[in-house]
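In this note's numbering, the protein residues as written are 1 to 250.
Built from N, CA and C at the ideal position, the CB exists for glycine as well.
Step one of this worksheet: look at the structure below.
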Amino acid sequence: MALNAGNSGCHIGGSFSCIEIFAVLYGEVLRYDVNNPNWNNRDRFIPSKTHCILSNFSALSKAGFIKEDELFSFHTNGGLLAGHPWNVEIGLEYSGGSLGMGLSVGVGMALAARRQQLDYRTYVLLGDGECNEGSVWEAMMSASQYRLDNLIAIIDYNNMQFDGVGDDIMSLNPLKDKTEAFGWKTVVVNGHDTEALSSAFKTPHEGQPLMVIARTIKANGVPGLENTAESHHAVMKQSAYESIIQQIEG
Numbered sequence: 001m002a003l004n005a006g007n008s009g010c011h012i013g014g015s016f017s018c019i020e021i022f023a024v025l026y027g028e029v030l031r032y033d034v035n036n037p038n039w040n041n042r043d044r045f046i047p048s049k050t051h052c053i054l055s056n057f058s059a060l061s062k063a064g065f066i067k068e069d070e071l072f073s074f075h076t077n078g079g080l081l082a083g084h085p086w087n088v089e090i091g092l093e094y095s096g097g098s099l100g101m102g103l104s105v106g107v108g109m110a111l112a113a114r115r116q117q118l119d120y121r122t123y124v125l126l127g128d129g130e131c132n133e134g135s136v137w138e139a140m141m142s143a144s145q146y147r148l149d150n151l152i153a154i155i156d157y158n159n160m161q162f163d164g165v166g167d168d169i170m171s172l173n174p175l176k177d178k179t180e181a182f183g184w185k186t187v188v189v190n191g192h193d194t195e196a197l198s199s200a201f202k203t204p205h206e207g208q209p210l211m212v213i214a215r216t217i218k219a220n221g222v223p224g225l226e227n228t229a230e231s232h233h234a235v236m237k238q239s240a241y242e243s244i245i246q247q248i249e250g
């Protein structure tokens, strides 16, 4: 998809830092029905950090919402897969765009489930960069206030933003202490360890929302781009693509 996007480029770094999170969510955790995508009691997933769109589309394809050949409509005129799409029919609950909004949407969905007496859960994937925004922390306070234990958030904590290292721009440390102070049950895991992620999502959190802080590496596993700010939005040339594929397969 990155290669097919051409000179438009795409968000490679933020997609590869959370691909294992998507694998565990769609492979084990989320409750959905590809044959009935509008099922009222489906779990909701909100990718607040919509810079993860490559991993999101890949996961939706593996889950059966998107045909594999449809992935190559990404960033093409009239294509099914835009940069910030919304289409429940293909498993997309949230369009994104402006960062810092997704957790507020998730709080609303979790409240709606409670008031409608439905037992679906709402999952929200946040970027650590967007956690610099006050709207995220207002949503955290709301989730705790309403004791939304049907809400689970994941922070992709790769400590790298468009402008550089997160700690140099606006440090979140100590992040676990802060989320716990805001009333969330919090666990910290290696975000590239699928078994650790699976275990984290099973953490008991009755009466509290659950926060999974996933320590990750931006553009994890992509030679030449790993742990760089340049990977945030990059153009993939044919020569670079071939070299990267050779190194990964090797």
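Residue(s) in a DSSP beta bridge with residue i
| i | result |
| --- | --- |
| M109 | Answer is none; M109 lacks a bridge partner. |
| R215 | Y157, N190 |
| L99 | Answer by DSSP bridge pairing: none, since L99 is not bridged. |
| T50 | DSSP output for T50 lists no bridge partner at all. |
| K185 | L210 |
| N87 | L92 |
| V165 | M160 |
| T122 | R44, L151 |
Beta-carbon separation (whole angstroms), residue i vs residue j, contact threshold 8 angstroms
| i | j | result |
| --- | --- | --- |
| A23 | A59 | 7 angstroms |
| G102 | P47 | 7 angstroms |
| F16 | N220 | 5 angstroms |
| Y241 | L3 | 5 angstroms |
| T216 | N158 | 4 angstroms |
Proximity of residue i and residue j at Cβ, strictly below 9 angstroms
| i | j | result |
| --- | --- | --- |
| E93 | R44 | yes |
| Q161 | I169 | yes |
| W184 | A229 | no |
Proximal residues to residue i (C-beta, below 8 angstroms), its chain only, five neighbours per side dropped
| i | result |
| --- | --- |
| G207 | R147, D149 |
Residue environment, residue i, which counts as buried when at least 16 other CB atoms sit within 10 Å
| i | result |
| --- | --- |
| K67 | exposed |
| A200 | buried |
| V136 | buried |
| V165 | exposed |
Same chain only: Cβ atoms within 6 angstroms of residue i, ignoring 5 sequence neighbours per side
| i | result |
| --- | --- |
| G13 | K218, A219, S231, H232 |
7 angstroms Cβ shell around residue i - same chain, five flanking residues per side excluded
| i | result |
| --- | --- |
| L225 | I12, G13, A219, S231, A234 |
| F74 | M1, N4, A5, F57, L81 |
| F64 | Reading the sequence as shown, one finds Gly at residue 64 and not Phe. Excluding sequence neighbours, G64 sits near V34. |
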